[in-house]
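Everything below concerns the one structure shown next.
2 protein chains.
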Amino acid sequence: MSDAKKQATIVEIARMANTSTATVSRVLSGTNYPVSPRLRTAVEKAAAEMNYVPNAIGQTLKFGKSNDIGVIIPNFTNPFYMQLISGIETICRQREYNPIFCSSNNSEAQEAANIELLRRKCVDGLIISSISQNPQNITESLKLHKNIVLFDQETTFDNCDYVSFDFEQGGILITNYLLEMGHRHIAFLTAPLEKRASRKSLYLGFQQAMANFAEATKEVLVSCDVQIDDYKIWEYENGRELARCFAKLSPRPTAIFVYNDATAISVMSQLNVLGIKVPEDVSVVGFDNILMSEYSNPPLTTVLQPAFETGAMATKIILDKIEGKNKANCQIKLRPELIVRDSVRDIR
Amino acid sequence: MSDAKKQATIVEIARMANTSTATVSRVLSGTNYPVSPRLRTAVEKAAAEMNYVPNAIGQTLKFGKSNDIGVIIPNFTNPFYMQLISGIETICRQREYNPIFCSSNNSEAQEAANIELLRRKCVDGLIISSISQNPQNITESLKLHKNIVLFDQETTFDNCDYVSFDFEQGGILITNYLLEMGHRHIAFLTAPLEKRASRKSLYLGFQQAMANFAEATKEVLVSCDVQIDDYKIWEYENGRELARCFAKLSPRPTAIFVYNDATAISVMSQLNVLGIKVPEDVSVVGFDNILMSEYSNPPLTTVLQPAFETGAMATKIILDKIEGKNKANCQIKLRPELIVRDSVRDIR
DNA sequence: CTGTTAGCGCATTCAT
DNA sequence: ATGAATGCGCTAACAG
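Heads up: the sequence lines are chains W and Y, in that order. Residue 1 is where the first sequence starts when you use my numbering, and the numbers rise one by one after that. Residue 1 is where the second sequence starts when you use my numbering, and the numbers rise one by one after that.
This is the structure we're talking about:
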């Protein structure tokens, strides 16, 4: 039980193979430093027998490099972030790095704690989607990290790499689609805007599209936004609450723009419970194109935000920076793409 | 840019505060060892000025304890595991441990690599859902870890703690429900059974319930199982394929038992595409009760497998073991609970 | 080819 | 109350 649990070190291997720790290290760390075949096999045999694996802590201390990448996301339960995590992990493993995932649970304090924790753990780089809009203290502590790539947002501090997404353009794109389909009275359902820059941009895009259309057509448009303040980490619960708020609106808008897919699917479900049919009575669009949105009923019209690719790109950028392959700044802004399914009714 | 990035160590702090590293350590590691107020403030000031955080690598090497918990799950994109991860992270943070999440991507080789990686990183404990049914090599390498808790499965090696779930009973529970509702011809849709012990148990429960019912009523039951072999990590794609296979079945079963919710939702969606209505034409049940299953259309009848709680319990057990609070074996088997929604038609 | 040793950052024992 | 020195596991510089 408790006998084999103590990890063997090069000292034990050296003793067993009747040689020095230096020789053991030379053999086991795979250098091409010359070692006699006799000692080499003796070391390999001893290592295998003792189930030796090199202690990464010792190596990190020696090299000043952990091969760990810190990742901070808002929460684990949103399917969008699952995809993103998956992209990050895939690239990390390919290149023999190890991601350390932390969620900030929509708490600035937790985010700050994570940033510090990852610095203590000597991560070689940090990939982060900040939940806060660059307050001074967060920015300062972020700057203490060696390599940073932001995603989901751009930033206020200079020269910081990011893989972002054109939320505003995405908002315009899908709002224009609703307008094209004849909708003139649209509700925007969202979690608190001030918490995330991306949400604000999305809302801006919505307003922009509405204003542009009104300007061009001289038509009178009506928009309203429903925002819940005590919003939950689990998007599904927010959707229920948002749908209830929506149902009280009078006169009732003909279309709903929900700030993300997970919430939109929940909104549709709750509307169904309330006897409001989608898309017959009201049209719904989401944002993200999570995997599930293809399988909702009705399948959700939305905007594609490439989660896996965002994670993969952010990881490639940070690993290239760490390995000195890329000194240039990488500020990437991915373009939105409209995904038309069946949740919007043409009311022209 | 590159000036402030080098982390300050106690050596720099000591130099700046005109004292020794020993004193710096005494102040900053929060011991109650007596230090003069003068030096104390000098050290604190220097540390703050240099944005000092203790290097966790150094501490780990010193203490022989990393405060890291390794976690290996089959994949990141199944919503069930998201919940589970969330439970693990919540407890870890509360007790000041740090989870390191790895996915084995349904690959035994990757699982083995992860087990070794986490040993190299000196995790204090390992929480794992093995994708393989305890082959010798995996079992042996697992045993090299100090503290192990399995979830999602029991195990073949003795005295190993686990937080499992009574899959067989769950399978019986929901199959009985289908039988009660008058279904006599039921299809079992699944990913490869041999890959996961839990799936096998679930299937066993299904068969058991069918056999028991036939025995008791002398009725003739028909069951068939559809299994796809080149199955994808993304459950949603499997569902599509499984639904297509199901549609070809003749005569067509009146009910479908899908091995998990994510796949079941996708199956329902694809059935809809194929013009087969749920539950009018065919009834569908899932397994897990992922968050989304409440919002599918129709809302999915399923069995509750408490993901967040499983993660939280497994974590509590392993942390108690690490801290020596609990020497006893913990072998916990959670009970299933039927969640009736609207995806099953009563055809009696 | 092989072995001895220093040093990465930290906490702690021992001496003062 | 303070500081010098040691060792955790590892690699590499250096000496042989």
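In this text, a Cβ means the ideal position worked out from N, Cα and C, and glycines have one as well. Keep in mind that this is a model prediction, so the values were computed, not measured.
Give me the chain Y residues within the contact set of residue i, using Cβ-Cβ distance strictly less than 7 Å, ordered along the chain.
i: W:N55; result: R120 and C122
i: W:E241; result: Per Cβ cutoff of 7 Å: no residues; W:E241 is ~13 Å from chain Y at best.
i: W:Y295; result: Y236, I265, S266 and S269
i: W:M82; result: F76, T77 and M82
i: W:E89; result: F76 and S103
Using alpha carbons as the reference points, say which of the options lies closest to residue i.
i: Y:Q169; options: Y:D346, Y:L334 and Y:S36; result: Y:L334
i: W:I128; options: W:E154, W:T175 and W:E241; result: W:E154
i: W:G187; options: W:K195, W:A197 and W:I174; result: The sequence shown places Ala at residue 187 of chain W, rather than the Gly named in the question. Comparing Cα positions, the closest option is W:I174.
i: W:L221; options: W:R184, W:S296 and W:E108; result: W:R184
i: Y:C224; options: Y:A56, Y:M210 and Y:D166; result: Y:M210
i: W:A312; options: W:V11, W:S86, W:G239 and W:N18; result: W:S86
i: Y:T190; options: Y:E237, Y:D166, Y:S164 and Y:F165; result: Y:E237
i: Y:V273; options: W:N272, W:N329, W:F206 and W:D342; result: W:D342
i: Y:R95; options: Y:K327, Y:T315 and Y:T31; result: Y:T315
Quick check on the burial criterion: 16 or more other C-beta atoms within 10 angstroms. Buried or exposed for residue i?
i: W:S29; result: exposed
i: Y:F157; result: exposed
i: Y:T217; result: exposed
i: W:A48; result: exposed
i: W:V344; result: buried
i: W:M1; result: Confidence at W:M1 is low in this model, with a pLDDT of 36, below 50, so the placement of that residue should be treated as unreliable; the coordinate-derived value is given next. Per the 10 Å Cβ criterion, exposed.
i: Y:I148; result: buried
i: Y:D3; result: Bear in mind that a pLDDT of 43 at Y:D3, under 50, signals an unreliable position, so the number given afterwards is only what the model happens to contain. The residue in question, Y:D3, is exposed, as its Cβ has fewer than 16 Cβ neighbours within 10 Å.
i: W:G324; result: exposed
i: Y:Q83; result: buried
i: W:R38; result: exposed
i: Y:A255; result: buried
i: Y:F80; result: buried
i: W:I347; result: exposed
i: W:V163; result: buried
i: W:G171; result: buried
i: Y:N55; result: buried
Given this structure, state the Cα-to-Cα distance separating residue i from residue j, to the nearest angstrom.
i: Y:N137; j: Y:C160; result: 16 Å
i: Y:T60; j: Y:Q208; result: 50 Å
i: W:Y52; j: Y:L118; result: 13 Å
i: W:T352; j: Y:N114; result: What is shown of chain W runs 1 to 348, which leaves residue 352 of chain W out entirely.
i: Y:T302; j: Y:L338; result: 6 Å
i: Y:T263; j: Y:E280; result: 20 Å
i: Y:S141; j: Y:A46; result: 46 Å
i: W:D152; j: Y:S36; result: 48 Å
i: Y:Q331; j: W:Q227; result: 45 Å
i: Y:K146; j: W:Q7; result: 9 Å
i: W:Q133; j: W:E235; result: 20 Å
i: Y:K62; j: W:I57; result: 10 Å
i: W:K65; j: W:D124; result: 6 Å
i: Y:S25; j: W:C122; result: 19 Å
i: W:S107; j: Y:R244; result: 44 Å
i: Y:V340; j: Y:P298; result: 11 Å
i: W:T21; j: W:A14; result: 5 Å
In chain W, which residues lie with their C-beta within 7 Å of the C-beta of residue i?
i: Y:N51; result: L144
i: Y:K355; result: Lying outside 1 to 348, the shown extent of chain Y, residue 355 of chain Y is not represented and no answer is given.
i: Y:I410; result: The question about residue 410 of chain Y has no answer here: the residues shown for chain Y are numbered 1 through 348.
At 8 Å on the CB atoms, spell out the chain Y contacts of residue i, in chain order.
i: W:S86; result: N75, F76, T77 and S103
i: W:L291; result: T77, W234 and Y236
i: W:N272; result: N297
Closer than 8 Å by beta-carbon distance: list the chain W residues that pair up with residue i, in chain order.
i: Y:T60; result: I57
i: Y:E323; result: The premise fails here: Y:E323 is roughly 16 Å from chain W at the closest Cβ pair, so nothing lies under 8 Å.
In chain Y, which residues lie less than 9 Å from residue i when you measure between Cβ atoms?
i: W:Y259; result: The contacting residues do not exist; W:Y259 stays about 16 Å from chain Y at best.
i: W:S66; result: I57
If the cut is a Cβ gap below 9 Å, which residues of chain W does residue i touch?
i: Y:M210; result: Correct list: empty, because the minimum Cβ distance to chain W is about 28 Å.
i: Y:E280; result: By Cβ distance, chain W contributes nothing, its closest Cβ being about 14 Å from Y:E280, past 9 Å.
i: Y:E372; result: Since the first and last residues shown for chain Y are 1 and 348, residue 372 of chain Y lies out of range.
Handout entry: Validate contact between the segment 67-84 of chain W and the segment 98-114 of chain W using beta carbons, cut 8 Å, 3 pairs
Key = yes
Problem - Inter-stretch contact at 8 Å, needing at least 3 Cβ pairs: the segment 272-292 of chain W / the segment 314-328 of chain W - result: no
Handout entry: At least three beta-carbon pairs within less than 8 Å, the segment 176-187 of chain Y to the segment 273-288 of chain Y
Key = yes
Handout entry: Contact the segment 258-276 of chain W vs the segment 189-204 of chain W: 3+ CB pairs below 8 Å
Key = yes
Exercise for the section: Inspect the CB distances between the segment 85-94 of chain W and the segment 248-256 of chain W and report whether three or more fall short of 8 Å. Expected result: no
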